[in-house]
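Written below as C-alpha cells is the structure these notes are about.
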Amino acid sequence: MWNDRYAGDDYLFGTEPAAFLTRVTGLLPVAGRALAVADGEGRNSVWMAAQGLAVTAFDPAPNAVAKARRLAQARGVAVDFHVADLEGWDWSRQFDVVAGIFIQFAPPAERAVLFQRLAGALVPGGLLLLHGYAPRQVGYGTGGPPREENMYTLDLLRASFAGWAVLLAQDYDADVDEGRGHSGRSALVDFVARKPG
Ligand SMILES: C[S@@+](CC[C@H](N)C(=O)[O-])C[C@H]1O[C@@H](n2cnc3c(N)ncnc32)[C@H](O)[C@@H]1O
25 MWNDRYAGDD YLFGTEPAAF LTRVTGLLPV AGRALAVADG EGRNSVWMAA
75 QGLAVTAFDP APNAVAKARR LAQARGVAVD FHVADLEGWD WSRQFDVVAG
125 IFIQFAPPAE RAVLFQRLAG ALVPGGLLLL HGYAPRQVGY GTGGPPREEN
175 MYTLDLLRAS FAGWAVLLAQ DYDADVDEGR GHSGRSALVD FVARKPG
C-alpha cells in the first residue's frame, strides 16, 4: 500500500523536513550517528545529514527509498539508505540520535515493541525524537491513520520512556503544509527525550 502511494514522481510529504525537526535543531548534537526510522522519501534524513550528522535511514517502500536517494544526491549529502521494515531492520545497531517522525502505522501492541526497539537503538545519553499526531487528529482528517489508538498522548510517551530526561513534550494544534500527505489544521505531538546513562 505504501509503495503504491509513493509511485508518482512527486514527494508525498514534500522535500523539506517536518517542521518539528527545524523546531528542535538546537537540541541536536553537532555530530554523531542518527537513525531515521520509516523515513519515507528522505526529507528528514536528508535534512539531518545536512546538519552534519552521519545518517542511516530505512523504509520498506522501494519507491520511497529511490526518491530519498535522489533527494540526497540533489542536496549533495550522503545518507545510508536501506529498504527494510521494522521486522527486517537490525536493531542491534546503535545511534546517538533516533528519529521517528509520523510513524503511527503501529497499533498499540506493535507500538510498545517499536518503542522498546527505538530505546535499544540509542546509546546511553542518546536523543530520541518523536513527532506525530494526537488522538483528536482523527477528527481533523488531514493526515495519519484514522485510528485514535495509534496516536500519541504526552502521558503515553512519558510512561513509555519513564526515567528519561524529557527535553520537549508538547501537544498542540497547528497548520501543517508538508506535501499532499500532511496538509491542513492538525493535532500534533512533539517529544524529545534523552536516554539515561
Ligand atoms: C506517514 S509516512 C512518514 C514518512 C516519513 N517519516 C516522513 O515523515 O516523511 C509513514 C512511513 O512508514 C512506513 N511504514 C509503514 N509500515 C512500516 C513498517 N511495518 N515498518 C517500517 N516502516 C513502515 C511507510 O512506508 C511510510 O514511509
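In terms of our numbering, the sequence shown has 160 at position 136, counting the first letter as 1, and numbering is strictly consecutive.
All C-beta atoms in this analysis are idealised placements derived from N, C-alpha and C, irrespective of residue type, glycine included.
Here the structure is a predicted model, which is why all the values come from computation and not from measurement.
State yes or no: is the C-beta of residue 164 nearer than 8 Å to some heavy atom of ligand 1? Counted from its first residue, the sequence shown places residue 164 at position 140. Taking the Cβ of residue 164 as the reference point, every heavy atom of ligand 1 lies at 8 Å or farther away.
Host alpha helix (DSSP H) of residue 77 (start-end): Position 53 of the sequence shown, counted from the first residue, corresponds to residue 77. From DSSP, residue 77 is part of no alpha helix (DSSP H); its letter is neither H nor E.
Taking 8 Å as the cut-off, is the CB of residue 83 close to at least one heavy atom of ligand 1? Within the sequence shown, numbered from 1, the residue matching residue 83 stands at position 59. If you check the C-beta of residue 83 against ligand 1, you find a heavy atom less than 8 Å away.
Got a sec? Which residues, its chain only, sit under 7 Å from residue 101 by beta carbon, not counting five neighbours each side? As a working mapping, residue 101 is identified with position 77 in the sequence shown. Same-chain partners within the cutoff: 70, 73, 74.
Quick one: does the C-beta of residue 68 sit closer than 8 Å to a heavy atom of ligand 1? Working through the sequence shown from its first residue, we reach residue 68 at position 44. Between ligand 1 and residue 68, a heavy atom-to-CB distance of less than 8 Å is present.
Going by DSSP, what residue range makes up the beta strand (DSSP E) through residue 197? Translated into positions along the sequence shown, residue 197 becomes position 173. Here the beta strand (DSSP E) through residue 197 covers 189-202.
Would you mind giving the Cβ-Cβ distance between residue 142 and residue 152, rounded to the nearest angstrom? I have them listed as a contact below 8 Å. The residue given as residue 142 occupies position 118 in the sequence shown. The residue given as residue 152 occupies position 128 in the sequence shown. 6 Å between Cβ atoms; contact.
Heavy atom of ligand 1 within 8 Å of residue 61 beta-carbon: Residue 61 sits at position 37 when you count from the first residue of the sequence shown. For residue 61, the CB falls within less than 8 Å of some heavy atom of ligand 1.
Meets three-Cβ-pair contact criterion under 8 Å: the region 50-65 and the region 108-121: The region 50-65 is in contact with the region 108-121.
One or two residues paired with residue 218 in a DSSP bridge: Against the sequence shown, residue 218 aligns to sequence position 194. The secondary-structure analysis by DSSP pairs residue 218 across a beta bridge with 151, 189.
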